[in-house]
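Residue numbering for the sequence shown follows numbering that gives the first Met the number 0, beginning at 0 and increasing consecutively.
Ideal Cβ placement from N, Cα and C applies to all residues, glycine included.
Only a predicted model underlies this, so the values are computations on that prediction, with no experimental measurement involved.
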Amino acid sequence: MDQKAAVFPVENHSGKSERSNTFHVTYDKPKTPFALKIISYLPPSFQQWLALKNAAPKAAKDGCDILGEASYDPYDYKELIEGKLWRVRYKNLGSVDLLKLLNNTPGCNILDPSVIQRAPVCECNKLKADQKIISELLEQAGGKRGEKSMIDAGMDSSQDMLVVKLNGADGKLLLFNPCKIRPALADWLKERGEVEWIVSGSGVHTNQLPGVSKAFPSAKIICSQIADKKIASVGARRADYIYNNPSKLIEMNELLKDKGVSIHPIEGDVFQAACVLAHEHLLEVDLIYGHSDESRWAHTSTETLERENKASTSFGRLFYYGLIYKESSPHGYLPTYRYSLMDPSSAMAKMQLAPPSSDGSSCTKMAESLRKMLALDFVAVDMAHSQLEDSMPAAEFRKCIDTSWKWLDGRDLLCRTCET
């Protein structure tokens, strides 16, 4: 896709195309609620306080909380590299609060009729049924059987924790994107080694950090600056190393070098993401959403979407066509809020714990940082949000990142030697 052709004016809710004074991409800017407009003009210190209050870590419930640990197992285990790398897919209850938040966030309402209007004709009947399923779940959520109805309907949400066996005689472990540690998982980990490092790969993946740091009190915590602020706000143990602190990054990578691991922060990203390289696998979170083939989530397969008949599949399909699909997003790979968060003039960006630079330089920094990450030597990628059975091949991941993010500075993110 030609990069200039991809940056196009889009009709907003007033019927007129709207371009930010400082942002270089035209995107559909939903009408900002009056309260958010007022907040965006208040002192940055108050905005930060409010953002931190709203983003305080809180672990979601899983089936064990409703049915008991004897009746429900939230974990699925897979060995990715024999004796070196494992995936623990942790399943918790789909969040009613998240559904309500999306429906009340400008431009993110998956129950809006426009979601169906923008979708391909062949998907419209499915999406109508999906909206009916999610609407009924929201109605049931307020009743006594609300949480049980979520389980019965298959309204769950999974994330992957990646477990790395570190090089060295002691064979200790590193956890990337940690999940809730119930006794069964604690025993499983103990069989494989002592947990020495806990890494949160994104400033917006902190809900489990307080509990995991308590479960492994001697393990060192690595996270972003905003993640550290968030865990501190609930009285949890602070980070030992903050990866977007340049001197700390050098120090931690020096410590991890002989263990076969390196940390690679994505500069400029408002989510303050970081990738981990271990055993030629890249561990990632919150960088890709839509696949480069423009037809689906990058985290799942078309076959899975067709085969599975549960509420979480309905939610995923509505999210894709409502926020990511090419008729809903400027380029068809990222949800529109990802553009808004990088736009210094948007009210949503001003409410972030790490808002983009007012001069627009965050986009340039992020592009350069992504190029460095893509140039690393890895053969496969394991994504925290993946629902795929296997790791994603490196070439496929590189293409997804390039198509998703090259708008940042208008140039390809891939060097020629990285394309295979």
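Buried or exposed: where does residue i fall if 16 or more other Cβ atoms within 10 Å of its Cβ makes it buried?
i, result
"Asp342", "buried"
"Phe270", "buried"
"Glu418", "Bear in mind that a pLDDT of 45 at Glu418, under 50, signals an unreliable position, so the number given afterwards is only what the model happens to contain. Exposed, by the Cβ-count rule."
"Tyr89", "buried"
"Arg370", "buried"
"Glu138", "exposed"
"Phe45", "exposed"
"Ile37", "exposed"
"Asn124", "exposed"
"Thr402", "buried"
"Arg410", "exposed"
Quick one, which of the options has its alpha-carbon nearest residue i's?
i, options, result
"Ala55", "Asp257, Ala353 and Pro209", "Pro209"
"Ala238", "Pro245, Ser246 and Lys228", "Lys228"
"Lys60", "Leu174, Glu78, Ile180 and Pro119", "Ile180"
"Leu126", "Asp358, Phe318, Ser223 and Leu49", "Phe318"
"Thr25", "Asp358, Lys99, Pro329 and Ala214", "Pro329"
Would you kindly report the start and end of the unbroken alpha helix (DSSP H) that includes residue i?
i, result
"Cys222", "It is not in any alpha helix (DSSP H) - Cys222 instead sits in the beta strand (DSSP E) that spans Lys219 to Cys222."
"Met347", "Ala346 to Lys349"
"Gln139", "Cys123 to Gln139"
"Glu250", "Pro245 to Lys256"
"Cys63", "Gly62 to Leu66"
Just the C-alpha distance for residue i and residue j, rounded to the nearest angstrom, thanks.
i, j, result
"Asp186", "Arg337", "38 angstroms"
"Val194", "Leu322", "38 angstroms"
"Tyr242", "Pro112", "42 angstroms"
"Lys171", "Leu84", "12 angstroms"
"Gly93", "Tyr288", "18 angstroms"
"Val114", "Leu51", "31 angstroms"
"Ser201", "Ala235", "17 angstroms"
"Asp75", "Val198", "20 angstroms"
"Cys178", "Ile225", "19 angstroms"
"Pro392", "Val378", "6 angstroms"
"Leu413", "Lys398", "8 angstroms"
"Ser361", "Asp151", "44 angstroms"
"Glu307", "Ile80", "28 angstroms"
"Tyr320", "Asn108", "11 angstroms"
Which residues in the same chain have their Cβ closer than 7 angstroms to the Cβ of residue i, if we skip the five residues on either side of it in sequence?
i, result
"Leu110", "Asn102, Gln130, Ile133 and Ser134"
"Lys325", "Glu293 and Gly331"
"Asn166", "Asp257, Lys258 and Gly259"
"Gly153", "Lys309, Ala310 and Ser311"
"Leu282", "Leu161, Phe175, Gly200, Cys274, Val275 and Asp381"
"Cys63", "Tyr71, Pro73 and Arg181"
"Ile400", "Leu286, Ile287, Leu369, Leu373 and Leu412"
Need the endpoints of the beta strand (DSSP E) that residue i sits in, please.
i, result
"Glu78", "Tyr74 to Ile80"
"Ser212", "Element bounds for Ser212: not the beta strand (DSSP E) but the alpha helix (DSSP H), Leu208 to Ala214."
"Ala168", "Where Ala168 is concerned, there is no enclosing beta strand (DSSP E), given that its DSSP letter is neither H nor E."
Suppose the cutoff is 8 angstroms on Cβ atoms and the five residues either side in sequence are ignored; what does the same chain contact list for residue i look like?
i, result
"Glu250", "Tyr240"
"Met365", "Ile265, Glu266, Gly267, Asp268, Met341, Trp404 and Leu407"
"Gly315", "Trp296, Thr299 and Leu304"
"Glu68", "Arg181, Pro182 and Ala183"
Please work out which residues of its chain come closer than 6 angstroms, Cβ to Cβ, to residue i, disregarding the five sequence neighbours upstream and downstream, and give them in chain order.
i, result
"Ala353", "Ile225, Val269 and Gln271"
"Ser157", "Arg88 and Lys90"
"Asp1", "Here the model assigns Asp1 a pLDDT of 32, short of 50, so the residue's position is not dependable and the matter cannot be decided."
"Ser148", "Gln139"
"Lys213", "none"
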